[in-house]
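Take our numbering: the last position of the sequence shown gets the number 305, and nothing is skipped along the way. The C-beta atom is built at its ideal place from N, Cα and C for all residues, glycine as well. Here is the structure we will look at, set down as structure tokens.
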Amino acid sequence: MARASHSPGKRFHTVAIIGKHGDAGAGTALLELAAFLEKRGHQLLADTVTAQELGIPHVAAMTTAEIGASADVAIVLGGDGTMLGIARQLAPFNVPLIGVNQGRLGFMTDIPLERMLPTLSDVLDGQLVSESRSLLEGIVERDGQEIFRAVAFNDVVVARGAGAGMVELCVMVDGHFMYNQRSDGLIISTPTGSTAYALSAGGPILHPGLGGIVLVPIAPHALSNRPIVLSDSCEIQIELASGRDCSVNFDMQSLTSLQHHDRVIVRRSEHSVHFLHPEGWSYYHTLREKLHWNEYPSVLGQLK
């Protein structure tokens, strides 16, 4: 079931709270958030684990699918890993997401914990910036039969096992042969994921508004195997020609083992993730802050 996303200024009546599971330090912030939302008159929902941690009887505990069918917006309290998991699950329901950062980087959870309540007040009152981001869908085929399927918000990674030698991958794009590659693996990334594993492997940063998919080899044998950005209308097929203990993983959160001649087919998902940011939010500000680009002028100042 799909839901229409809200336009600025429209009130979010039913709000889901989703916390980082297993984080003992999140309880105080979750209780503070719940009390704040109740005082504003919102109806509260929570995923099952978060509801148990809150311990508030009148906060409805729901599965992710039930949240998707009922919530007008979901507030995610955690780090980017928490957001990755819930974003994939709520994408089919078109529920917009607001991220409060309890992690270290916070590329997707952009509201600082110390500014949580006043910032959320403004966002829930419609002072916000909304954006949509793409997902990838991956299918693993063996002997022509589908054996695994998953979606990724950051990336799909085909890689060798620890201690194993290089893998050889045959890569096709829209049915056209592109290359045979010997490497430690291949990253197929969304624009959102271009600042994650793909960036550490030497890939380019893609603005999240771009309709692109980036392929980044991991430690390729031939230096001529360079990252390439493709249209997100492409279908990418990777066949494992050789290699031991290989696997394909999706956002490092779900994976399956690969055998020789297995095929991994990756394309843009029909679903998208919708974020709500505070008014004045800028992707470039996020890059400056998280990648420490803002430190460069201060260094120049010290040299003068």
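On the criterion of 16 or more Cβ atoms from any shown chain inside 10 Å, does His275 qualify as buried, or is it exposed?
buried
DSSP bridge partner residues for Asn155 (one or two, in chain order):
Paired residue(s): none; Asn155 is not in a bridge.
Stretch pair the stretch 114 to 131 + the stretch 54 to 73: three plus CB contacts closer than 8 Å
Contact between the stretch 114 to 131 and the stretch 54 to 73 is absent, with fewer than three C-beta pairs closer than 8 Å.
Are the CB atoms of Val1 and Leu78 nearer to each other than 8 Å?
Nothing about residue 1 can be reported from this structure: the residues present for the chain run from 2 to 305 only.
Do Ser184 and Ala220 have their C-beta atoms within less than 8 Å of each other?
yes
Reduced DSSP category for Arg89 - H, G, I as helix; E, B as strand; rest coil
helix
Assigned secondary structure, Ala35 (DSSP; H/G/I helix, E/B strand, else coil)
Ala35 falls in the helix class under three-state DSSP.
Please tell me whether Ala202 and Val215 are closer than 8 Å, where the distance is taken between their beta carbons.
no
Could you tell me whether the Cβ atoms of Arg269 and Gly166 are closer together than 8 Å?
It is not a contact, given that the beta carbons lie outside the stated cut-off.
Suppose you measure from the CA of His7 to the CA of Ala72; what does that come to, to the nearest Å?
Note on His7: pLDDT 41, under 50, position unreliable in the model; the coordinate value appears next. Approximately 11 Å between the Cα atoms of the pair.
In whole angstroms, what is the alpha-carbon distance linking Cys171 and Ile266?
12 Å
Have a look at Asn226 and Leu91 and give me their C-alpha separation to the nearest angstrom.
36 Å
Is it right to say Thr120 is buried, meaning 16 or more other beta carbons lie within 10 angstroms of its own, or is it exposed?
When all chains shown are included, Thr120 counts as buried.
For a test of the three-state rule: what should DSSP assign to Asp48, helix, strand or coil?
strand
Could you give the DSSP three-state label for Gln238: helix, strand or coil?
Looking at Gln238 - three-state DSSP - the assignment turns out to be strand.
Using only the alpha-carbon positions, how far apart do Ile116 and Glu138 sit?
A small correction: the amino acid at residue 116 is Arg; Ile does not occupy that position in the sequence shown. Going from the Cα of Arg116 to the Cα of Glu138 covers about 35 Å.
Cross-strand partners of Ala61 (DSSP beta bridge):
Leu46
If we count the other Cβ atoms within 10 Å of its Cβ and call it buried at 16 or more, is Gln260 buried or exposed?
exposed
Assign Leu125 to buried or exposed, taking buried as 16 or more other Cβ atoms, counted over all protein chains shown, within 10 Å of its Cβ.
buried
How many whole angstroms separate the CB atoms of Leu31 and Ile18, which I take to be in contact at a CB cut-off of 8 Å?
Contact flag correct, Cβ pair sits at about 7 Å.
When you compare only the Cα positions, how much space is there between Ile229 and Thr193?
16 Å
For Phe108, which beta-bridge partners are listed by DSSP?
Per DSSP, none; premise fails for Phe108.
Alpha carbon of Phe154 to alpha carbon of Leu200, nearest angstrom
Cα-Cα distance, rounded: 15 Å.
Identify which residue in Gly107, His262 and Met84 has its Cα closest to the Cα of Leu288.
Gly107
Out of curiosity, what's the CA-to-CA distance linking Gly162 and Thr257?
12 Å
Pair within 8 Å by beta-carbon distance, Gly204 and Asp233
no
DSSP three-state assignment for Leu304, whether helix, strand or coil
With a pLDDT of 49 at Leu304, under the threshold of 50, the predicted position of this residue should be treated as unreliable, and no value is reported.
For Tyr284, write down the residues that DSSP places opposite it in a beta bridge.
Tyr284 is not bridged to any residue.
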